[in-house]
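Comments concern the structure below.
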Amino acid sequence: MHIWKKGPERIMGFKNLRLLEVSGCKSLTYLFSPSIAKLLVMLEEIRVTSCKKIEEILQRAREEKEEKEVLFHKVNSILLKDLPNLKCFCLENNAFEWPSLKEITIIGCPALSMFFPSNLKTPKLEGVYEEVQVPSSPWDENKLRNCQWKGDLNATIQHMFKGKEKKRIMRHNNKSKL
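Letter by letter, the sequence shown follows residues 37 to 214 in my numbering.
Spelled out as structure tokens, the structure:
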């Protein structure tokens with residue numbers, strides 16, 4: 037069942053939703069539209085994991101008019117993990133405001149090249165976190181979180197994933213030399 041296709045009048049019960057967690061949805065290509073986002077006024081956390089086909093989190097539906105401004109008043113945390121086809125949070129050129137957003141964690145999103153095509157207001161954002169394995173022994177899988185910040189969100193994401201691409205290419209080249 038696709039709960040968002042019921043129309044805004046049918047999903048008014050989601051106005052008290054604080055955590056939106058989606059995991060393992062194999063055919064999902066986007067999570068919600070700007071008109072749905074406007075209804076999620078109490079939303080504090082967004083967690084999207086292991087959705088192999090998802091390309092965007094927020095996408096305007098074909099029949100939906102363009103929203104000029106999308107506000108996420110209370111969202112303070114976003115986790116995007118194991119989303120191999122995720123290109124960006126949203127491709128629309130809307131004005132986004134995230135007055136409470138403190139952290140974004142991105143793990144295993146190799147296609148991610150930007151968060152938004154335009155600037156966004158994130159006055160409390162501390163940085164973008166990624167999981168880093170720090171093995172103290174060959175059988176230990178301790179993980180730490182590494183925080184990155186390069187002046188703005190898109191620059192930080194581009195820096196993070198350029199580094200990963202270089203490391204992947206270097207590992208591949210080293211393996212082929214063996």
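Yeah, the Cβ is synthetic: ideal placement off N, Cα and C, and Gly gets one too.
Computed from a predicted model, the values in this text were never measured in an experiment.
Cβ neighbours of Arg181 within its own chain (closer than 8 Å, five residues either side excluded): Thr141, Tyr165, Glu166, Glu167, Val168. Cβ-Cβ distances below 6 Å link Leu115 to Arg83, Thr141 in the same chain, with the five nearest sequence neighbours on each side left out; the list follows chain order. Proximity to Leu119 across Ser154, Cys87, Leu64 peaks at Cys87, based on C-alpha coordinates. Rounded to whole angstroms, Thr158 and Thr85 show a C-alpha spacing of 23 Å. The alpha-carbon separation between Leu122 and Asp188 amounts to approximately 19 Å. With 16 or more other CB atoms across the displayed protein chains lying within 10 angstroms of its CB, Thr192 is buried.
Apart from sequence neighbours up to five positions away, the residues of its chain that approach Ser113 with a beta-carbon distance below 6 Å are Glu81, Glu139, ordered along the chain.
Going by beta carbons, Val111 and Leu137 fall inside the 9 Å limit.
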